[in-house]
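See structure below.
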Amino acid sequence: MSEREPVTMMAAPIHLDYVFTAGVAQSKNLHGLEEGKFIGQRCPKCKKVYTLSRGSCPTDGVPTDEIVELPNTGTVTTYCVVNVPFAGQSIEIPYICAQILLDGANLSFMGLIQEMPTDEVRMGMRVEAVWVEPDELGPTMASVKYFRPNGEPDADYETYKEYL
Amino acid sequence: MSERCAVIGVGQTVAKAKREDVSIAGLVREAALAALDDAGLTFADIDAVVIGKAPDMFEGVMMPELYLAPALGAVGKPMFRVHTAGSVGGSTAIVAAHLVASGVHERVLTVAFEKQSDSDAMWALSVPQPFSAPLLAGAGGYFAPIIRAYMHRSGAPGDVGMMVAVKDRLHALKNPYAHLHLPDISLKMVEESIMLWDPLHYLESCPSSDGAAAMVIGSERAVGAATAETGRPPAWIHGMAMRSEPTMFAGRDQVNPQASRDCAADLYRQAGITNPRKDFDMAEVYVPFSWYEPMWLESLGFCDEGDGWKLTQSGATSMIENGDIPWNCSGGVLSSNPIGASGMLRFLESALQVRGLAGEHQVADARRALGQAYGGGSQFFAMWVVGAERP
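Quick mapping for you: the protein sequence lines, in order, are chains A and B. In terms of my numbering, the first sequence is residues 1 to 164. In terms of my numbering, the second sequence is residues 165 to 555.
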């Protein structure tokens, strides 16, 4: 036995499923997505509107009880073009991964931009959400297929510089 | 801080893509034994062990510290695990030092590691979250938009990141422990490497490494004993600080996070630093993607906000160009990235410098140095100041 090489690697695949209890606050957002709408929640103290809120303001630590319906449009505050393949990737590379600030919101979130060449994306670009077919809508972010340019002139840097 | 304490021994493995000759236990033990040897000690002399690594999902081994206790001589002794994502190596060293500074222990062994070849960190960092689109593409995909925001905000020319990529790889040629040794590195080579996460080229990104780092932190009494035994000087700890902030809140400055600025302010107050560029002889700072050098130069107060890229461009941070404030003389994270150990390597390298034991990448007469690590979504920060003088 002693002359045999040590085993240097063995693959041990592990599968993990988990159940996530969304809770009251996130259910509001998820029900919005089910209806093809973005739901924001406003902090009673700082008045900031959070998208995909977890139900409390991270700065003030108070419940964000006020519901605000947000429009389908927003601004790309910053972005990168992903050109790296990795295990489990579900989108064809290269793709644009952008921070999107919905109009009237005070927090951006990461969104996919499609229907345009990747080298034409820019900070300040105006975009709109493209939703799945009505019968496919569900309480999930997968209800939003992607965002695309909506043709409006680019937003002024001053309007989004705090949300990069 | 109450009791004075210092680094009395350091050890690190050579960082490389695959350490197929050792398990995780073998890897951490190698670094630990090297640190004990440097301190003139054995496992029997150690009071407690503090260990850190990046998220468990990286190797798929949950709570590895439990099975690593025997390999680290920790059976029957207190053992602690620290979790602060990529900054963990720094936070782990600080927790260990706190145990000595508080007077609880005399000698604490601290270890950090990552065995990226056992894992797929790119996958682990890209697992879709329940309420967001499946867009995340590793750490680069997270940080590239922040870098773009920095470039826009500061008006930096597009090649500054590439200059850092070249500089740190040239430094790495002086460090036998570094993973990447690229003697032909040049701006052209970086520019011609594939654009992975526009604006980041492949060669502006850190490698995936296997590696471990370890240090022994000792009380003033332990320092005296170690120095008498080995003849090697300690690296006194002049200050240490940690801060964190949430990943998302309205108006969060991800380019220059509040937690980073607060952490540096606390640290500098403890160590009496008023002008970082002048007061430090060198710095080891967590720069996993090239542009983080100018960004952290600003955040850490080495220059005014918006001027970090000018400092990099001037050669001030380059050993090769005899800059006045060399950064990452070891080659930094851009040259070796055993994730969990990367933060500790910054702390360890700063200690090596003020002990005068950094070999070919030693900064002449380094008396005071900064070690910094960050992690998560630029939200966890750990920093220390070490010096040749007893504080």
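The beta carbon of each residue, even a glycine, is placed where N, CA and C say it ideally should be.
Integer Cβ distance of residue i from residue j, believed to fall under 8 Å
i      : j      : result
B:V419 : B:M483 : So it is not a contact: roughly 27 Å between Cβ atoms.
A:A155 : A:T75  : 4 Å
B:A249 : B:F544 : 6 Å
B:A377 : B:A195 : 6 Å
A:P63  : A:G55  : 6 Å
B:V214 : B:V246 : 6 Å
B:A276 : B:G495 : In fact, because the Cβ distance is near 18 Å, the residues do not count as touching under 8 Å.
A:P94  : A:N106 : Contact flag wrong, Cβ pair sits at about 30 Å.
B:D282 : B:E223 : 5 Å
B:L364 : B:A308 : 5 Å
A:P149 : A:V127 : 6 Å
B:L334 : B:V354 : Actually they are not in contact, since the Cβ atoms of B:L334 and B:V354 sit about 12 Å apart, beyond 8 Å.
B:A552 : B:V527 : Rounded, the Cβ-Cβ distance is 12 Å, inconsistent with contact.
B:A320 : B:W473 : 4 Å
B:R407 : B:D426 : 5 Å
Proximal residues of chain B, C-beta to C-beta of residue i below 9 Å
i      : result
A:W79  : Here residue 79 of chain A turns out to be Tyr, not Trp, going by the sequence shown. Neighbours of A:Y79 on chain B, chain order: A308, P309, R312, D362.
A:A87  : D284, M286, W287, S290
A:M123 : R312, A313, H316
Chain-ordered neighbours of residue i on chain B, where CB pairs are closer than 8 Å
i      : result
A:N106 : A414, G415
A:L112 : A297, L299
A:N83  : I358, M359, L360, W361, D362
A:V144 : A297
Short Cβ contact (8 Å threshold) for residue i with residue j
i      : j      : result
B:P452 : B:N501 : yes
B:E278 : B:A218 : yes
A:F86  : B:M221 : no
B:S499 : B:A297 : no
A:L70  : A:F38  : yes
B:L191 : B:T177 : yes
B:P476 : B:M243 : Note on identity: in this sequence residue 476 of chain B is Thr, with Pro being the wrong assignment. Cβ atoms of B:T476 and B:M243: not closer than 8 Å.
B:A233 : B:P398 : no
B:I381 : B:V264 : yes
A:Y163 : A:L112 : no
B:G375 : B:A505 : yes
B:V174 : B:A522 : no
B:Q280 : B:S373 : yes
B:S542 : B:P421 : yes
Nearest to residue i (by Cα), restricted to the options the options
i      : options                        : result
B:G436 : B:G175, B:V549, B:E223         : B:V549
B:G465 : B:F444, B:S296, B:Q477         : B:F444
A:K47  : A:T8, A:H15, A:D60             : A:D60
B:V449 : B:A533, B:D529, B:D468         : B:A533
B:H345 : B:Q280, B:A181, B:L512         : B:A181
B:A172 : B:G253, B:I258, B:D202         : Residue identity check: residue 172 of chain B is Ile in the sequence provided, not Ala. Of the candidates B:G253, B:I258, B:D202, the one whose C-alpha sits nearest the C-alpha of B:I172 is B:D202.
A:N35  : A:C97, A:M123, A:G138          : According to the sequence as given, residue 35 of chain A is Glu; it is not Asn. Among A:C97, A:M123, A:G138, the Cα nearest to that of A:E35 belongs to A:G138.
B:E513 : B:E184, B:A447, B:S318         : B:A447
A:I67  : A:S53, A:G151, A:V7, A:P58     : A:S53
A:L102 : A:V49, A:D65, A:V19            : A:V49
A:S143 : A:V82, A:A22, A:T8, A:V130     : A:V130
B:E270 : B:L205, B:I310, B:Q526, B:S373 : B:L205
B:C370 : B:V330, B:H402, B:Q536, B:V174 : B:V330
A:A12  : B:V225, B:I210, B:I188         : B:V225
B:G325 : B:S372, B:I401, B:L351, B:G415 : B:L351
B:K442 : B:F413, B:A480, B:D426         : B:A480
A:P153 : A:V121, A:Q114, A:G32          : A:V121
B:L197 : B:M379, B:G487, B:S357, B:S290 : B:M379
A:M141 : B:P292, B:R519, B:I258, B:R554 : B:P292
B:G216 : B:E462, B:A537, B:H316         : B:A537
Where residue i meets chain B, residues with beta-carbon distance less than 7 Å
i      : result
A:E162 : G415
A:S90  : P298
A:K48  : A414
Proximal residues of chain A, C-beta to C-beta of residue i below 9 Å
i      : result
B:P410 : P58, T59
B:V419 : L164
B:E462 : Result: empty, since nearest Cβ-Cβ is about 15 Å, beyond 9 Å.
B:G304 : C80, V82, V84
Contact test: residue i Cβ vs the ligand PLP heavy atom, cutoff 7 Å
i      : result
B:K180 : Ligands in the displayed structure: none, and consequently the ligand PLP is not present.
Interface partners of residue i on chain A, CB under 8 Å
i      : result
B:E194 : The contacting residues do not exist; B:E194 stays about 16 Å from chain A at best.
Within-8 Å CB hit, residue i to chain E
i      : result
B:E184 : Absence of chain E from the displayed structure is noted, the protein chains being A and B.
Q.
Any C-beta of chain A within less than 8 Å: which residues of the region 349-374 of chain B qualify?
A. I358, M359, L360, W361, D362, P363, L364
_Against chain A, which members of the region 315-341 of chain B pass a CB distance test of less than 9 Å?_
H316, R317
Selection of the region 8-42 of chain A by Cβ proximity to chain B, strictly under 8 Å: T8, M9, A12, I14, F20, A22, Q26, N29, L30
Of the residues that make up the region 221-237 of chain B, which ones have a beta carbon closer than 8 Å to any beta carbon in chain A?
G224
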